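Residue numbers (numbering that gives the first Met the number 0): 0 to 222.
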Amino acid sequence: MRLMPFNVWTRWIKRRVPTSLWGRSLLIIVLPVLIMQAAVTWAFFDAHWQAVTARLSEGLAGDVAWAAESYRDDPSARNLALISERAERSMQLSIAFQPEASLPAEERRGALGLVDRTLEKALASRLDQPFWFDPTRYPAYVDIRVQEADGVLRVIAPRERAVATQAHIFVLWLMIATVLLLAVAVLFIRNQVRAIERLAHAAEAFGRGESVPRFKPHGPREV
Numbered sequence: 000m001r002l003m004p005f006n007v008w009t010r011w012i013k014r015r016v017p018t019s020l021w022g023r024s025l026l027i028i029v030l031p032v033l034i035m036q037a038a039v040t041w042a043f044f045d046a047h048w049q050a051v052t053a054r055l056s057e058g059l060a061g062d063v064a065w066a067a068e069s070y071r072d073d074p075s076a077r078n079l080a081l082i083s084e085r086a087e088r089s090m091q092l093s094i095a096f097q098p099e100a101s102l103p104a105e106e107r108r109g110a111l112g113l114v115d116r117t118l119e120k121a122l123a124s125r126l127d128q129p130f131w132f133d134p135t136r137y138p139a140y141v142d143i144r145v146q147e148a149d150g151v152l153r154v155i156a157p158r159e160r161a162v163a164t165q166a167h168i169f170v171l172w173l174m175i176a177t178v179l180l181l182a183v184a185v186l187f188i189r190n191q192v193r194a195i196e197r198l199a200h201a202a203e204a205f206g207r208g209e210s211v212p213r214f215k216p217h218g219p220r221e222v
């Protein structure tokens, strides 16, 4: 693919830049703010959100591995009940056993592929047995299943144990703050630009020999 010369790009950009003083002033204010917001949001999701989600997934995978190993050590109904009670009380996990069952053949994945890959990687690093998980069936939970010799161990975990679910609040507040700051800046710059526009119109009329009886300079001291 052949790239366009730099001067062609420059002319293309110039043709699309607003020609009015108000439009250019608005662009000067809005464009840097939008670029900054995009950079902050990207940095937040790339660093903080991904790191927190990875730590949560690793912790959940460790708890699932503990439950599977504990059941394998003693696959009795009494031990299963003890494991389920401890997991419910200490780890917020609901554990059940499905005798003579197999893992579902169909894979279920959510809208955020990064979350699925992170959880899959964490489970694969902690479990030696085949496993399957579904983050879509229950909105607030993740369904995890581990294949055992005599059936399937099913673990239902709260979604917040695998994903940083409050990340959208940060983005929402960032957007609200950006809109408010932009609104204040736009109102302020509009008043300044209006004074310059009135001065330009008066100067143009004066150049044509017309009188501007109602013109009264206002705005910055230079105007």
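Note that beta-carbon positions come from the ideal geometry of N, C-alpha and C, so glycine has one too.
Since we're looking at a predicted model, the values are computed, not measured.
Pro-134 by DSSP, collapsed to three states: which one? If you number the sequence shown from 1, residue 134 lands on position 135. When secondary structure is reduced to three states using DSSP, Pro-134 falls in the coil class, being assigned neither helix nor strand.
With hydrogens ignored, establish whether the beta-carbon of Ile-168 is closer than 7 Å to any heavy atom of the ligand COA. This structure lacks the ligand COA, and indeed carries no ligand of any kind.
Rounded C-beta distance between Ala-161 and Leu-59? I'm assuming under 8 Å. If you number the sequence shown from 1, residue 161 lands on position 162. If you number the sequence shown from 1, residue 59 lands on position 60. In this structure Ala-161 is in contact with Leu-59, their Cβ atoms being roughly 5 Å apart against a cut-off of 8 Å.
Could you tell me if Thr-9 is buried or exposed, where buried requires 16 or more neighbouring beta carbons within 10 angstroms of its beta carbon? The count along the sequence shown starts at 1 and reaches residue 9 at position 10. When all chains shown are included, Thr-9 counts as exposed.
How would you write the range of the alpha helix (DSSP H) that Ala-76 sits in, first residue to last? Indexing the sequence shown from 1 puts residue 76 at position 77. Bounds of the alpha helix (DSSP H) holding Ala-76 are 76-85.
Does His-151 pass the burial test, meaning 16 or more other C-beta atoms within 10 Å, or should it be called exposed? Along the sequence shown, read from residue 1 onward, the residue named residue 151 stands at position 152. First, the residue type needs correcting, since residue 151 is Val and not His in the sequence shown. The residue in question, Val-151, is buried, as its Cβ has 16 or more Cβ neighbours within 10 Å.
By the 10 Å Cβ neighbour count, where 16 or more other Cβ atoms means buried, how is Pro-134 classified, buried or exposed? Counting from 1 along the sequence shown, the entry for residue 134 is found at position 135. Looking at its Cβ environment, which holds 16 or more other Cβ atoms inside 10 Å, Pro-134 is buried.
Which runs of the beta strand (DSSP E) fall wholly inside the segment 112-193 and span at least 3 residues, in chain order? 130-133, 140-147 and 150-157, all fully within the segment 112-193.
Under three-state DSSP, which class holds Gln-91? Position 92 of the sequence shown, counted from the start, is the residue given in the question as residue 91. Residue state, collapsed to three classes: coil.
Taking 8 Å as the CB-CB limit, is Gln-49 close to chain D? Note that chain D does not occur in the displayed structure, where there is just one protein chain.
Excluding five sequence neighbours on each side, which residues of the same chain lie with their C-beta closer than 7 Å to the C-beta of Glu-57? Here residue 57 corresponds to residue number 58 of the sequence shown, with the count starting at 1. Ala-121.
Beta-carbon separation of Arg-158 and Tyr-140 under 8 Å? The sequence position of residue 158 within the sequence shown is 159, counting from 1. The sequence position of residue 140 within the sequence shown is 141, counting from 1. Closer than 8 Å, so yes.
Contact between the segment 40-55 and the segment 188-199 (3+ Cβ pairs under 8 Å): No, the segment 40-55 is not in contact with the segment 188-199.
Nearest-angstrom Cβ-Cβ length linking Pro-98 and Trp-131, presumed shorter than 8 Å: One-based indexing of the sequence shown puts residue 98 at position 99. One-based indexing of the sequence shown puts residue 131 at position 132. In this structure, Pro-98 and Trp-131 do not form a Cβ contact; the two beta carbons are roughly 17 Å apart against a cut-off of 8 Å.
Distance between beta carbons of Ile-143 and Val-32, contact taken as under 8 Å: Here residue 32 corresponds to residue number 33 of the sequence shown, with the count starting at 1. Here residue 143 corresponds to residue number 144 of the sequence shown, with the count starting at 1. Contact between Val-32 and Ile-143 is ruled out by a C-beta separation of about 42 Å, above the 8 Å threshold.
Span of the alpha helix (DSSP H), counted from its first residue to its last, around Pro-31: Counted from its first residue, the sequence shown places residue 31 at position 32. Segment 20-42, the alpha helix (DSSP H) holding Pro-31.
In the DSSP assignment, what residue or residues form a beta bridge with Gln-97? The residue you call residue 97 lines up with position 98 of the sequence shown. Residue pairing by DSSP places Gln-97 opposite Val-151 in a beta bridge.
According to the Cβ coordinates, are Ile-82 and Ser-69 closer than 8 Å? Residue numbering aside, residue 82 sits at position 83 when the sequence shown is read from its first letter. Residue numbering aside, residue 69 sits at position 70 when the sequence shown is read from its first letter. Cβ distance < 8 Å, so Ile-82 and Ser-69 count as in contact.
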